[in-house]
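Quick note: the sequence shown uses the working numbering, first residue -15, plus one each step.
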Amino acid sequence: RVEVLPWNAPYKVSIKTQKLIQASTSNLPSNDPILAATAVLDTLLSSSPTKCNAANVVCALTLSSKTLNQTWRGRSCATKQERAKFQAKLYDVCRILTQLVDEDKLITRQLCNAAWGIGKHVEYGEEVLLNRHRSATVSRGSSQWNLKDQYLGVNEGEDVIDHVFDSIARRM
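(1) Going by the CB atoms, is the gap between residue 152 and residue 180 shorter than 8 Å?
(2) Can you say whether residue -11 is buried or exposed, counting buried as having 16 or more other CB atoms within 10 angstroms of its CB?
(3) Under a three-way DSSP split, which group does residue 87 fall into?
(4) Would residue 122 be called buried (16 or more neighbouring beta carbons within 10 Å of its own) or exposed?
(5) Taking the alpha-carbon positions, what's the residue 94 to residue 14 distance?
(6) Over the uninterrupted alpha helix (DSSP H) stretch that includes residue 100, give me the two end residues.
(7) Quick one: is residue 40 buried, meaning 16 or more other Cβ sit within 10 Å of its Cβ, or exposed?
(8) Would you mind reading off the limits of the alpha helix (DSSP H) that contains residue 30?
(9) Check residue 10 in the structure and name its three-state DSSP category.
(10) Can you tell which of 73, 51, -7, 146 has the C-alpha that lies nearest to the C-alpha of residue 6?
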């Protein structure tokens, strides 16, 4: 029997995790987008790392961000505590993603999808992420985010989102 390393599951194993992630929002008592996005991330985080790979991490991030699209329109009734729980899970997934990126476990398309998924979470603003301050400037029709000036810390001085974007940029 071959030992499977964490976050390195083969396709036939990871596809089962992928299906669990994709089905995670179907049996929720509420259709609140924050709670649904939390369920997506929680499904990934509660799965054994030996049954997951980079594709599962990217799937959870992109599905979570798509689920939050309803929040962007102001439809979430989630409490501050529920939002904090979501944010903690997002940061946990970002830490895993950073590790996988640094270990060169993602192909270019996955890197792009991961950056998109995280970027969408940031775009939703304080509706989703607490204590987040984004400064944006518009120049020639494109938006530039100054992520270095944000407070997103889970631990003092730690900027999980900035760190994962830096890791992705180095791989690109």
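Every residue, glycine too, gets a C-beta built ideally from N, C-alpha and C.
The structure says:
(1) One cannot answer for residue 180 here, as it falls past the ends of the chain, which runs -15 to 156.
(2) The residue given as residue -11 occupies position 5 in the sequence shown. In this structure residue -11 is exposed. Its beta-carbon is surrounded by fewer than 16 other beta-carbon atoms within 10 angstroms.
(3) Here residue 87 corresponds to residue number 103 of the sequence shown, with the count starting at 1. The three-state reading of DSSP puts residue 87 in coil, since its state is none of H, G, I, E or B.
(4) As a position in the sequence shown, residue 122 is number 138, starting the count at 1. Annotation note: pLDDT 34 at residue 122 (below 50); position unreliable, no value reported.
(5) Here residue 94 refers to the residue found at position 110 when the sequence shown is read from its first residue. Here residue 14 refers to the residue found at position 30 when the sequence shown is read from its first residue. Spanning the two alpha carbons is a distance of roughly 30 Å.
(6) The sequence position of residue 100 within the sequence shown is 116, counting from 1. Start and end: 92 to 107.
(7) Here the question's residue 40 lines up with position 56 in the sequence shown. Per the 10 Å Cβ criterion, buried.
(8) Against the sequence shown, residue 30 aligns to sequence position 46. If you look at residue 30, you'll find it in the alpha helix (DSSP H) that goes 17 to 30.
(9) What you label residue 10 is simply residue 26 of the sequence shown in a count that begins at 1. If DSSP states are grouped into helix, strand and coil, residue 10 belongs with coil.
(10) Position 22 of the sequence shown, counted from the start, is the residue given in the question as residue 6. Measuring from the Cα of residue 6, the nearest candidate turns out to be 51.
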